[in-house]
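To keep things clear, I will list the structure first and then write my remarks on it.
In UniProt numbering, the protein residues as written are 1 to 993.
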């Protein structure tokens with residue numbers, strides 16, 4: 001096999017020659033030091049990093065040795081280098097029997113040096129790595145118990161190897177490449193599945209050509225979706241190629257990328273780390289001339305599919321290769337490394353941080369403005385003996401929360417077996433992770449067996465990351481997804497299997513929902529009367545004859561959405577149509593959220609995922625990738641506090657104390673920030689696919705968390721960088737947690753104004769939510785004075801909410817419908833905000849209150865069972881509106897439907913409802929719609945949870961919750977759509993219209 005000739009000449013370079021005898025020689029000619037065994041006793045915190053004047057970036061943290069528990073000798077990894085260390089998030093609910101905490105998985109590496117494997121050589125210059133000592137062992141470090149153990153997975157393991165790559169995908173570790181006793185390892189992808197009690201090895205089948213055998217390369221999971229492999233050495237030369245495997249595309253195949261921009265030169269022994277929002281950062285390495293590199297490059301993917309390199313800002317303290325690097329929030333922690341010629345990175349630069357939020361490098365002393373050339377020795381003034389611990393190469397690093405762990409490596413010709421840890425509290429200041437830590441630190445510190453400080457590990461964050469990190473598993477196949485119902489894994493919603501509406505409905509709660517269902521209409525009747533009076537007096541907007549005539553809406557009943565004078569007449573290819581896929585795939589909730597789907601994807605070759613957007617700017621902006629490196633994080637602390645406290649898809653539980661955690665001043669700040677954004681937006685939002693669409697939530701915050709848990713959440717650890725979120729109104733009333741629902745959505749809007757979108761529902765009006773729960777909840781949970789003030793402030797904000805959304809100019813989303821008056825999108829665009837229901841027109845009333853007729857056979861306009869003055873519109877109105885506006889689909893909410901979504905007008909209108917078991921009686925499913933880039937609409941469902949075991953009588957903490965039950969009993973909701981409803985005197989009703 002051809003090899004790099006430099007691998008056999010330098011004391012720090014690789015040496016496999018024709019027999020592949022060694023990976024390389026140890027770096028550093030200094031006097032050999034011990035392997036820094038762990039000091040007995042409980043680990044103490046590392047010395048605090050020196051403070052930096054002002055509020056600028058903090059220095060890199062110091063490391064200390066960890067005295068880990070090793071029951072048996074074989075449980076410890078021992079001395080080794082060239083291995084990988086991968087952080088795997090927790091599995092299960094904390095406190096449950098099957099819960100497993102966060103772990104570090106160590107795989108492979110070389111366990112002996114060239115020459116006498118029992119006695120390390122005294123000369124660093126003669127120290128190389130014996131490939132005969134390469135291993136395929138798997139060791140596990142449990143972070144919470146501080147204990148090492150050796151794993152014996154089932155299945156066929158990879159061959160022994162070192163200088164390979166590994167990355168985590170959910171609770172699985174993907175291994176690829178490297179070099180072993182027999183030479184270069186194959187390019188196969190091996191997966192260690194840690195989801196079950198007994199780990200298991202799998203080999204992933206990948207079609208077509210791939211990156212080929214190589215070692216000294218890098219691999220990272222970018223955006224929770226793309227496995228990227230870059231550079232390395234194929235046994236002949238260093239490489240600069242970039243390969244990507246889309247884990248959301250089936251069958252799996254490698255694709256060679258050609259990124260734009262200035263990228264790194266051919267190199268090996270670099271590091272690649274993926275930031276949680278999808279930015280990959282490649283740092284350091286050794287080029288084809290054996291020169292160590294100091295540069296760092298960011299790689300990002302645009303919406304249109306282009307990948308682009310950008311040079312990271314800042315001055316690196318030192319070039320290096322064979323180092324380790326890992327992200328903690330926005331800070332890339334770099335440690336150790338070799339310089340060539342038997343030298344290692346000096347003490348002053350051994351530990352460094354690239355703060356991507358600030359765009360600067362820091363060492364343990366300060367911000368780096370020029371490359372460091374000196375050396376802080378333990379004997380010199382300002383020196384730090386702790387930094388000497390990190391002077392090593394060929395080691396590995398991983399991060400769990402704010403903790404950075406290092407293991408093993410090579411120093412002065414000696415293999416190391418120590419585990420080091422540092423805590424980067426400064427990283428939390430640049431992202432919302434600070435608030436995750438603050439929100440749960442008190443509870444974490446008091447848990448049994450956990451000491452405050454470094455090991456007060458916030459497990460909630462890792463559990464959340466586990467539920468959010470694996471790609472959502474259902475849209476590449478275009479298949480709707482829902483958790484299981486009675487064990488069924490597939491629910492066919494194809495037309496041929498459709499059941500007439502009313503026959504398939506559950507009878508539970510029918511009588512309750514049907515009785516007195518006009519309560520909401522009564523509340524709005526006065527407003528409707530005022531609107532009609534103004535219209536008669538000429539104050540309302542003037543409508544065309546066609547818009548004012550009820551007969552016009554029923555004309556052209558058989559109209560088509562396809563116009564003969566569209567793109568086809570211009571010799572253009574027609575745009576892709578919007579379609580609802582015909583199958584519903586059910587994802588089992590017991591698989592651990594998205595994690596189980598990821599296990600199937602890699603283990604059983606069943607990838608399913610919507611085409612999620614990967615975008616860091618618009619296609620017109622060629623410097624979007626660079627902006628990621630330079631951007632400043634939000635400094636508004638209230639939204640961060642709200643997100644940290646409430647965005648817990650897996651771990652949120654209703655508060656024991658009903659007292660709301662925000663005071664009225666904090667709510668004022670939150671509303672002010674959100675209102676500034678809403679006031680700058682048009683009445684009709686212009687949005688792009690892919691996007692998730694949510695229907696009515698009605699204060700059922702637990703359902704919102706379940707939807708986030710099952711199908712991805714709007715966070716940097718989730719999918720916010722790749723898919724937008726659209727909410728269709730009715731955030732408050734009826735449910736127990738309107739304050740949580742509204743506060744979180746507003747905080748998300750402030751944090752992600754370009755990705756999270758809210759439009760108005762009919763309950764976002766003071767005269768409605770004064771009667772149906774929101775006002776009562778504010779008073780009950782915040783006190784009368786603050787509660788009433790909060791209720792008024794929220795309703796002023798509601799008047800600024802956008803009123804509709806247009807997606808790709810093909811799909812219009814609104815809360816209610818088009819009613820009798822809306823024939824053109826421009827009518828909605830012309831509504832000026834802020835707008836109250838009292839000051840609104842018939843257009844606003846129809847937009848927020850109207851419903852489709854009972855089924856496709858009922859055309860034209862009919863009176864609405866909600867009450868006098870409100871209308872329903874038939875399928876002919878839907879088709880006409882779509883033709884008038886060149887649209888293909890209307891998505892609306894407003895009505896509870898049994899399956900969470902329901903089609904109307906031959907599929908040209910979809911009703912969407914996201915709250916389950918509405919008002920505690922409907923027993924309906926909740927759903928969201930996921931619109932992919934291919935404009936395929938995929939419904940994703942959750943089913944009602946079983947009733948709680950506890951009751952208000954047996955649980956004193958829940959007694960106060962009965963107020964909402966009483967309110968819903970006194971003012972029942974509108975009956976679930978599809979229920980049999982009596983419509984009296986139909987002829988008279990038509991005459992009324």
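Just so you know, even glycine gets a beta-carbon here, dropped at the ideal spot from N, CA and C.
Here the alpha carbon of residue 892 sits roughly 23 Å from the alpha carbon of residue 739. The shortest CA-to-CA distance from residue 713 to any of 698, 699 and 694 is the one to 694. Setting aside the 5 residues that flank it on each side, residue 273 is surrounded in the same chain by 220, 280, 281, 283, 325, 326, 327 and 332, each with a C-beta closer than 8 Å to its C-beta; the list follows chain order. A straight-line Cα-Cα distance of about 48 Å links residue 726 and residue 179.
Only residues of its own chain outside the window of five on either side were considered, and among them 746, 749, 750 and 797 have a CB closer than 7 Å to the CB of residue 674, listed in chain order. Straight-line spacing of the CA atoms in residue 148 and residue 154 works out to 19 Å. DSSP places residue 181 in the coil class of the three-state scheme, outside both helix and strand.
167 is the residue among 897, 728, 167 and 790 whose C-alpha sits nearest the C-alpha of residue 226. Here the alpha carbons of residue 809 and residue 903 stand approximately 20 Å from one another.
Bridge pairing for residue 904: 909 [DSSP].
With respect to residue 791, residue 705 sits apart: the two C-beta atoms are not nearer than 9 Å. Per DSSP, residue 792 is one residue of the alpha helix (DSSP H) stretching across 784 to 798. Restricted to the segment 862 to 891, the alpha helix (DSSP H) segments that are unbroken, complete and at least 4 residues in length are 875 to 885, listed in chain order.
Ranked by Cα distance from residue 202, the first of 190, 212 and 196 is 190.
The count of Cβ pairs closer than 8 Å, one atom from the segment 675 to 686 and one from the segment 825 to 835, reaches three, so the stretches are in contact.
For residue 748, the enclosing alpha helix (DSSP H) has its first and last residue at 738 to 751. Taking residue 927 as reference, the option from 728, 885 and 794 with the minimal CA-CA separation is 728.
Nearest in C-alpha terms to residue 252, of all of 199, 293, 188 and 298, is 188.
Nearest in C-alpha terms to residue 402, of all of 330, 580 and 698, is 330.
Listed in chain order, the beta strand (DSSP E) elements of length 3 or more contained wholly in the segment 208 to 247 are 218 to 222, 226 to 233 and 238 to 246. Per DSSP, residue 845 is not a residue of any beta strand (DSSP E); the alpha helix (DSSP H) it occupies stretches across 842 to 849. Straight-line measurement puts the Cα of residue 580 at about 29 Å from the Cα of residue 222. Here residue 95 is actually not in contact with residue 161; their C-beta atoms are around 38 Å apart, not less than 8 Å. Judged by DSSP secondary structure, residue 197 falls outside any beta strand (DSSP E); it is assigned neither H nor E. By the Cβ-count criterion, residue 665 is exposed, with fewer than 16 other Cβ atoms from all chains shown falling within 10 Å of its own Cβ. For residue 825, the three-state secondary structure derived from DSSP is helix.
Here residue 768 carries a helix assignment [DSSP, helix/strand/coil].
Selection 945, 80 and 76 evaluated against residue 150 yields 76 as nearest (Cα-Cα). Taking a cut-off of 8 Å on C-beta distances, the segment 297 to 310 touches the segment 252 to 262, as three or more cross pairs fall below it. Taking residue 801 as reference, the option from 169, 716, 731 and 654 with the minimal CA-CA separation is 731. Counting along the chain, no alpha helix (DSSP H) covers residue 346, and no H or E run does either.
Bridge partners of residue 725 according to DSSP: 692 and 756.
Straight across, the Cα-Cα distance linking residue 737 with residue 701 is about 6 Å. For residue 706, the enclosing alpha helix (DSSP H) starts and ends at 701 to 711.
If the five residues before and after residue 390 are omitted, its C-beta is found closer than 8 Å to the C-beta atoms of 63, 335, 336, 350, 351, 406 and 420, all from its own chain and listed in chain order. Ranked by Cα distance from residue 803, the first of 780, 676, 830 and 783 is 830.
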